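Engineer: Chains as they are written, first to last, in our numbering: chain X, 2 to 260; chain Z, 9 to 330. Got a structure here, written out as structure tokens. Questions coming.
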Amino acid sequence: MKPTVLTTKQTNAVYGTETKYECVKLFRTRSFSLTTIGLPLVFYVLFGIVMQPSFHDNGNFARSVVACYACFGMMGATLFGIGVGVAAERAMGWLDLKRTSPLPMAAYLFSKCAAVAIFSVLILLLLVATGVAFGGLSLTPVQFVAMLAMTVVGAVCLAPLGLLLALTVSASAAPGVVNMMYLPMAFLGGLWMPLSILPHWISKVAPALPSYHLSQLMLRIYGSGYTDKLPMEAHWSYLAVFAAVTAALACLRFRGVTK
Amino acid sequence: MQKPAKIEHPEGEETRTAQLALAGEPVAEFKAVTKRYDSIEALNKLSIELRRREVVAFLGPNGAGKTTAVRILLGLTPATSGKVRIFGGAPGEFAARSRTGAMLQGARVSDSLKVREHIDLFRSYYPHPLSTPDVIRIAMLEDIENRKVGQLSGGQMQRLSFALSICGDPELVLLDEPTAGLDVEARRGLWAQIRGLKSAGKTVLLTTHYLEEADALADRILVINKGRIVSEGTPEQIKAKGGSWTLRCRTHLVPEILRSIPTVCGVDFDGTAVTLRAGNTDEVVRLMLELDPSLSELEIARPSLEEAFLGLTDARQETLSA
Chain X
2 MKPTVLTTKQ
12 TNAVYGTETK
22 YECVKLFRTR
32 SFSLTTIGLP
42 LVFYVLFGIV
52 MQPSFHDNGN
62 FARSVVACYA
72 CFGMMGATLF
82 GIGVGVAAER
92 AMGWLDLKRT
102 SPLPMAAYLF
112 SKCAAVAIFS
122 VLILLLLVAT
132 GVAFGGLSLT
142 PVQFVAMLAM
152 TVVGAVCLAP
162 LGLLLALTVS
172 ASAAPGVVNM
182 MYLPMAFLGG
192 LWMPLSILPH
202 WISKVAPALP
212 SYHLSQLMLR
222 IYGSGYTDKL
232 PMEAHWSYLA
242 VFAAVTAALA
252 CLRFRGVTK
Chain Z
9 MQKPAKIEHP
19 EGEETRTAQL
29 ALAGEPVAEF
39 KAVTKRYDSI
49 EALNKLSIEL
59 RRREVVAFLG
69 PNGAGKTTAV
79 RILLGLTPAT
89 SGKVRIFGGA
99 PGEFAARSRT
109 GAMLQGARVS
119 DSLKVREHID
129 LFRSYYPHPL
139 STPDVIRIAM
149 LEDIENRKVG
159 QLSGGQMQRL
169 SFALSICGDP
179 ELVLLDEPTA
189 GLDVEARRGL
199 WAQIRGLKSA
209 GKTVLLTTHY
219 LEEADALADR
229 ILVINKGRIV
239 SEGTPEQIKA
249 KGGSWTLRCR
259 THLVPEILRS
269 IPTVCGVDFD
279 GTAVTLRAGN
289 TDEVVRLMLE
299 LDPSLSELEI
309 ARPSLEEAFL
319 GLTDARQETL
329 SA
């Protein structure tokens, strides 16, 4: 009788193939790729380069802005890539078809996460390249690698939220809902402008948002130039709880829609 | 298994009956399966069996429960009660999924990937898939293998969906309304491919509301309405159960006389010719010729599956509401 179980080699291959085609799909979807890459880059050029302060500050400003827009880009890539992407696949019946095949759900979810993480890293690379070329940005190799790692971690922490959105809203509503969620989250988390120059009430609201904690962790990579008062553990705890809670809700929601 | 009785049949029926006898052990079964969505009962104690090397058609109107049954078999949604077994295990388990292929009604695949890429991806999920060139050849996708899905016509998309359903070389193939929306040529093309699956020793369950399709492809038809099986048998058996022969001719016999002839169940006069429905046309014709030797332009048509189907689903509805 023919084998009905995948070998380890085949299973690993499935994870790889699924991720590869997920990336191909994201790149070819112009509405996704151009906006997700373009928006943070444009914002960075405007707020990080054109509006750069004239005083010398050891390059802190340049680094802070790149850190914040890297988070902004990673949030967009994750919430749009997974939130809108999976919602569309649900509506098309494509997700159902995959569920009838032996594709492990874990491979499906991994590929989604990995693909948006890869996109987020690409956005970071473009920001850093632009910053180094035009924005007076200087990073040590260690700082650069730490930023890469933080970008991937951030994408993984936000992925369950994207999934929850995809399972909750319709495919046509998804882009609008994601925008309404991620733009305020970015602004109120201090990603566009430092919290110190925003109204005081925003500083009180920010710690409730994942964007705030992600950007604070990213800024701490430089060791200085940030004004956050919470200990590092607080940020990590928040992100861990946030990811766990949104993942649990996504699971519940998945059971609900497949009844 | 009971030996089927020999019936008067057209070409193909004897082959179909013989092949039914060759059909093997069960690959999937429903035992008294009920499926309830809130207050709606989509399936009501449905019991069916699918065996090796047969093509089974689920025939029924829209909303009859065909797609629900397929989705339960695929593990996409659980049954509310009853037992479902596929390859000896529960639906949705890895072993069942690796031996099953499916074409879901209305399912679309990502626009931005090419035909070949979709096949490459989907076949990678299975332990022993067909090769990509084989899949492309079987589903007749040679001309369009490098085209993106967004550029395909409806018929081409259906061929790709069919390709995805067979690329894992499954033993059981479930096709939900596989030819919906296709033109005649594309439909016939897909029929040929479905026949090819049976020759390859697979089991095929197809759902359809196209009577001609069930008649052309199925060894066995399960007529389903309102979540229940109302009739089961070969296409000829179904026709024999529910249909009557149709007779058309020019005659001076008035409808009242025609209605009084034994086994006549309907008379229509359109101004020039009269159309009768009757159970025993031989006797009816003999009597009519006796009464009216000038009878002319006689046409006799055998029972259609459409009549049988409508009759069965209507009769069942009357029984249920009684």
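Even for Gly, the Cβ is constructed at its ideal location relative to N, Cα and C. Since the model is a prediction, treat every value here as computed from it, not as a measurement.
1. Residues of chain Z with CB closer than 7 Å to the CB of X/A156, please, in chain order.
2. Between the C-alpha atoms of Z/G241 and X/A107, what's the straight-line distance to the nearest angstrom?
3. How many angstroms separate the CA atom of Z/R236 from the CA atom of Z/A50?
4. Below 9 Å between beta carbons is the criterion; list the residues of the region 124 to 140 of chain Z that meet it against any residue of chain X, in chain order.
5. Looking at the structure shown, is Z/R155 part of a helix, part of a strand, or coil, going by DSSP?
6. Could you tell me which of Z/P178, Z/G158, Z/K234 and Z/L149 sits nearest to Z/L198, measuring between CA atoms?
7. Going by DSSP, what residue range makes up the alpha helix (DSSP H) through X/G39?
8. For X/S102, return the contacting residues in chain Z, with the cut-off set at a CB-CB distance below 9 Å.
9. Assign Z/G279 to one of two classes, buried (16 or more other C-beta atoms within 10 Å of its C-beta) or exposed (fewer than that).
10. Give the straight-line distance between the Cα atoms of X/A245 and X/A150, rounded to the nearest whole angstrom.
11. Along chain Z, in chain order, which residues have C-beta atoms closer than 7 Å to that of X/G94?
12. Look at the alpha carbon of X/L196 and the alpha carbon of X/M186, and state the distance between them as a whole number of angstroms.
13. Rounded C-beta distance between Z/N233 and Z/A77? I'm assuming under 8 Å.
14. The beta strand (DSSP E) spanning Z/K91 covers which residue range?
15. Let me know the secondary structure DSSP gives Z/A98 once reduced to three states.
16. Can you confirm whether Z/S120, when its beta carbon is compared against all beta carbons of chain X, has any partner nearer than 8 Å?
17. Does X/P195 come out as helix, strand or coil in the three-state DSSP assignment?
18. With respect to the beta strand (DSSP E) encompassing Z/T42, which residues constitute its N-terminal and C-terminal limits?
19. Nearest to X/T152 by alpha carbon, out of X/D97, X/E234, X/V170 and X/H214?
20. Counting only C-beta atoms, is Z/A50 closer than 8 Å to chain X at any point?
21. Does DSSP put X/M52 in a helix, in a strand, or in coil?
22. For a contact defined as C-beta to C-beta under 8 Å, what are the partners of Z/L183 on chain X?
23. Z/G97 to Z/R107, Cα distance in whole Å?
24. For chain X, is any of its Cβ atoms less than 8 Å away from the one on Z/F38?
25. Does any C-beta atom of chain X lie closer than 8 Å to the C-beta of Z/L82?
26. Among X/Q217, X/L80 and X/L253, which one has its Cα closest to the Cα of X/V178?
27. Based on the DSSP output, what are the partners of X/R256 in its beta bridges?
28. From the beta carbon of X/Q11, is the nearest beta carbon of chain A less than 8 Å away?
29. If I'm right that Z/R93 touches Z/A36 with Cβ under 8 Å, what's the distance once you round it to whole angstroms?
30. Between the alpha carbons of X/Y109 and X/D229, how many angstroms are there, rounded?
31. Under a CB-based cut-off of 8 Å, is X/Y264 close to chain Z?
32. Distance check for Z/E185 and Z/I64, CA to CA, integer angstroms please.
33. So what does Z/S304 bridge to, in DSSP terms?
34. Quick check: the Cα distance between X/G17 and Z/N154, rounded to an integer number of angstroms?
35. Short check: CB of X/I50 to CB of X/A78, under 8 Å?
36. At a CB distance below 7 Å, what residues from the region 106 to 125 of chain X approach chain Z? Give them in sequence order.
Structural biologist: The answer reads as follows:
1. What X/A156 touches in chain Z: nothing, since even the nearest Cβ is about 21 Å away.
2. Going by C-alpha positions, Z/G241 is about 42 Å away from X/A107.
3. Distance from the CA of Z/R236 to the CA of Z/A50, rounded to the nearest whole angstrom, comes to 9 Å.
4. Under the 9 Å Cβ criterion, the region 124 to 140 of chain Z contributes E125, H126, D128, L129, F130, S132, Y133, Y134, P135 and H136.
5. In the displayed model, Z/R155 falls within coil according to three-state DSSP, outside both helix and strand.
6. Relative to the Cα of Z/L198, the nearest Cα in the group Z/P178, Z/G158, Z/K234 and Z/L149 belongs to Z/L149.
7. Counted as a single uninterrupted DSSP element, the alpha helix (DSSP H) harbouring X/G39 occupies residues R31 to F44.
8. R105, S106, T108, G109, A110, F130, Y133, Y134, L172 and G176, listed in chain order.
9. Burial call: exposed.
10. Distance between the alpha carbons of X/A245 and X/A150 is about 20 Å.
11. Neighbours of X/G94 on chain Z, chain order: L112, G114, A115 and R116.
12. Taking the Cα positions, X/L196 is about 13 Å away from X/M186.
13. Under the criterion of beta carbons closer than 8 Å, Z/N233 and Z/A77 do not qualify as touching, at roughly 13 Å.
14. Per DSSP, Z/K91 belongs to the beta strand (DSSP E) from S89 to I94.
15. Three-state result, Z/A98: coil.
16. Residue-level contact check: Z/S120 touches chain X, since one or more beta carbons of chain X fall below 8 Å from its beta carbon.
17. Note: X/P195 maps to coil in three-state DSSP.
18. For Z/T42, the enclosing beta strand (DSSP E) starts and ends at P34 to Y45.
19. Cα-wise, what sits closest to X/T152 is X/H214.
20. Taking Cβ atoms only, chain X never reaches closer than 8 Å to Z/A50, which makes this a no.
21. If DSSP states are grouped into helix, strand and coil, X/M52 belongs with coil.
22. Neighbours of Z/L183 on chain X: none; closest Cβ ~12 Å, over 8 Å.
23. Counting only the Cα atoms, Z/R107 lies some 12 Å from Z/G97.
24. Cβ-Cβ to chain X under 8 Å: no for Z/F38.
25. Chain X, which has a Cβ nearer than 8 Å to the Cβ of Z/L82, makes this yes.
26. Closest by alpha carbon: X/L80.
27. Paired residue(s): none; X/R256 is not in a bridge.
28. Absent from the structure: chain A. Protein chains present are X and Z.
29. So it is a contact: roughly 7 Å between Cβ atoms.
30. Computed Cα separation, rounded: 37 Å.
31. In the structure as shown, chain X starts at 2 and stops at 260, and residue 264 of chain X therefore has no counterpart that could be examined.
32. The question names Ile, but residue 64 of chain Z in the sequence shown is Val. Each residue's alpha carbon lies about 13 Å from the other.
33. In the DSSP output, where bridge partners are listed per residue, Z/S304 has Z/R258.
34. So the two alpha carbons sit approximately 21 Å from each other.
35. Cβ atoms of X/I50 and X/A78: not closer than 8 Å.
36. None of the residues of the region 106 to 125 of chain X has a beta carbon lying less than 7 Å from any beta carbon of chain Z.
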